[in-house]
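In case it helps, the working numbering puts the sequence shown at residues 2 to 110.
Here the structure is laid out as structure tokens; the discussion comes afterwards.
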Amino acid sequence: MKRPPEIQINQFQLSRLLDEEQMGFYKEVLAKNVFCSHCGGVASKGIVVQELFLTDLNDIMVRGTCKICNGKVARILEFGEDKTFYEEAMKFRTDISNQNKNQDNQFIK
Ligand SMILES: [Zn+2]
Numbered sequence: 002m003k004r005p006p007e008i009q010i011n012q013f014q015l016s017r018l019l020d021e022e023q024m025g026f027y028k029e030v031l032a033k034n035v036f037c038s039h040c041g042g043v044a045s046k047g048i049v050v051q052e053l054f055l056t057d058l059n060d061i062m063v064r065g066t067c068k069i070c071n072g073k074v075a076r077i078l079e080f081g082e083d084k085t086f087y088e089e090a091m092k093f094r095t096d097i098s099n100q101n102k103n104q105d106n107q108f109i110k
């Protein structure tokens, strides 16, 4: 199967993609399970999220900064392994590409 492209998403789109349980997992990981190479360990005060991506495997990639040292951190959450999530993510991709098309059409008019 052909892999979809990696796309950037915003916080609002993330909250649409994740259910309550997944969102809980996401928050927990960001709070205490992101490795910071500057601190040489877990970013124990959590991170500030700057960018979110839906990867080609439909995992969520987070880029941000460590709250302690302000160093750059990144973390991939492997939601794409969950078949239900993978399918939801594919639907989500279609939705947002349709939205973009509609916006283009409005622009032409
Ligand atoms: Zn750090």
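For every residue, glycine included, the Cβ atom is placed at its ideal position computed from N, Cα and C.
- Distance check between valine 35 and each of Ala90, Val74 and Gln12 places Val74 closest, using alpha-carbon atoms only.
- In the three-state reduction of the DSSP assignment, glutamate 89 falls in the helix class, which pools H, G and I.
- A Cβ-Cβ distance of about 5 Å is found for the pair lysine 46 and isoleucine 69, placing them in contact under the 8 Å criterion.
- A distance below 6 Å between beta-carbons, with the five flanking residues on each side excluded, links aspartate 20 to no residue of its chain.
- Residue Asn59 holds the alpha-carbon nearest to the alpha-carbon of proline 5 among Lys84, Asn59 and Gly72.
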